[in-house]
Each structure stands twice: as structure tokens, then as C-alpha cells.
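The next block holds one structure in the form of C-alpha cells; read it before the comments.
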Amino acid sequence: MKKIRFERNKIILAIIDILIIALACIFSKFLLSNTFYFKAEEWKQIGITIALSIVIYQIFNLYRSITRYENGRDYLIYIFVCAISCITTYIIKNIFKIDTFTTKECILSCVLIAVGTVSCRVVIRMLLNETLP
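So for the sequence shown, the numbering used here puts the first residue at 5; every next one is plus one.
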């Protein structure tokens, strides 16, 4: 039973991370381009960013610990993995000549993803520690 609950929590955390990444990419694109619509190519880039980030998160095994028992080191790892993910996305963007995201948008989305991920995990941890004995 505990294994099923832990697997469910891993899926929920992965979905939350996908939402944070997608919202950060969309928000950074919106802030820096001042447009209310995105082209199909830009949506494709957001999808690639989400896929790369989730793959990198799985490589670093970020979903191995229970959120209730995380400490400061885990939050620093989240920030480090976010930076690695954004750098990887930027390098792939330059290798394959994808011109949808600028450098400023990559940096802003990296900051937003790092802040969003750590903030979300801190809030979840506070709620779990408050409600569970």
C-alpha cells in the first residue's frame, strides 16, 4: 500500500513540475515578446523544453525522496538541476537552430522554474508537516 501511495506521489510531483515548467516558459515568452498569441513553432519549443526537463529530472532522480523529509540540500539540488535543464535546452536550441526562444527568455524561464519548483515543494512540505503527525 505504501508503494502505491509513493508512486502516486511521484506522478503528482511530476505533473506539478510539468505545469511549473510550462507556465514559466509561457510567462517568460509573454513578458519578453509582448504578444498575446504564440505560433505553432513556439508551442513546439515549449513542448521540447518540458520533455527535456522531465528527462533530466528523471536522470537526477529528483522524485526519490518524500517531500516531507526534504532538507535544504534537496532544494539546492532542484535549483542545480533546473539550471542544467535550461542550459541543455539552450544548447539543443542552438545546435538544431531553433529560433523561438531568445537567451533572455531562457534565463527568465530558468529563474521562474527554479523559484516555482522550490516554492511548491516548500509549500507541500509545510502542509504535510502541519497535517500529518
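Backbone N, C-alpha and C define an ideal beta-carbon position, used for all residues, glycine too.
The structure displayed is predicted, hence computed values, not measured ones.
Kindly indicate the opening and closing residues of the alpha helix (DSSP H) around residue i.
i      : result
Thr-39 : Careful: Thr-39 lies outside any alpha helix (DSSP H) and carries neither H nor E.
Lys-97 : 76 to 99
Taking just the CA atoms, how far does residue j sit from residue i?
i       : j       : result
Lys-101 : Glu-46  : 13 Å
Thr-107 : Asn-98  : 10 Å
Ile-52  : Leu-36  : 20 Å
Met-5   : Lys-43  : Residue confidence for Met-5 is low, a pLDDT of 48 falling below 50, so the modelled location carries little weight and cannot support an answer.
Ile-88  : Glu-134 : 33 Å
Cys-110 : Leu-17  : 23 Å
Ala-118 : Tyr-79  : 9 Å
Thr-92  : Met-130 : 32 Å
Ile-63  : Tyr-94  : 18 Å
Under a three-way DSSP split, which group does residue i fall into?
i       : result
Phe-64  : coil
Thr-106 : coil
Of all the options the options, which has the alpha carbon lying nearest to the alpha carbon of residue i?
i       : options                          : result
Tyr-41  : Ile-30, Gly-51, Gln-49           : Ile-30
Gly-120 : Phe-105, Ile-83, Thr-93, Tyr-94  : Ile-83
Tyr-61  : Arg-12, Ile-95, Lys-48, Ile-20   : Ile-20
Val-114 : Arg-129, Asn-38, Met-130, Ile-54 : Residue identity differs from the one stated: residue 114 is Cys in this sequence, not Val. Checking every option, the nearest Cα to that of Cys-114 belongs to Ile-54.
Within 8 Å (strictly less), CB to CB, does residue i reach chain B?
i       : result
Val-115 : Absent from the structure: chain B. Only one protein chain is present.
Are at least three pairs of beta-carbons, each pair with one atom in the region 123 to 132 and one in the region 72 to 84, less than 8 Å apart?
As far as the Cβ criterion goes, the region 123 to 132 touches the region 72 to 84, which means the pair count is three or higher.
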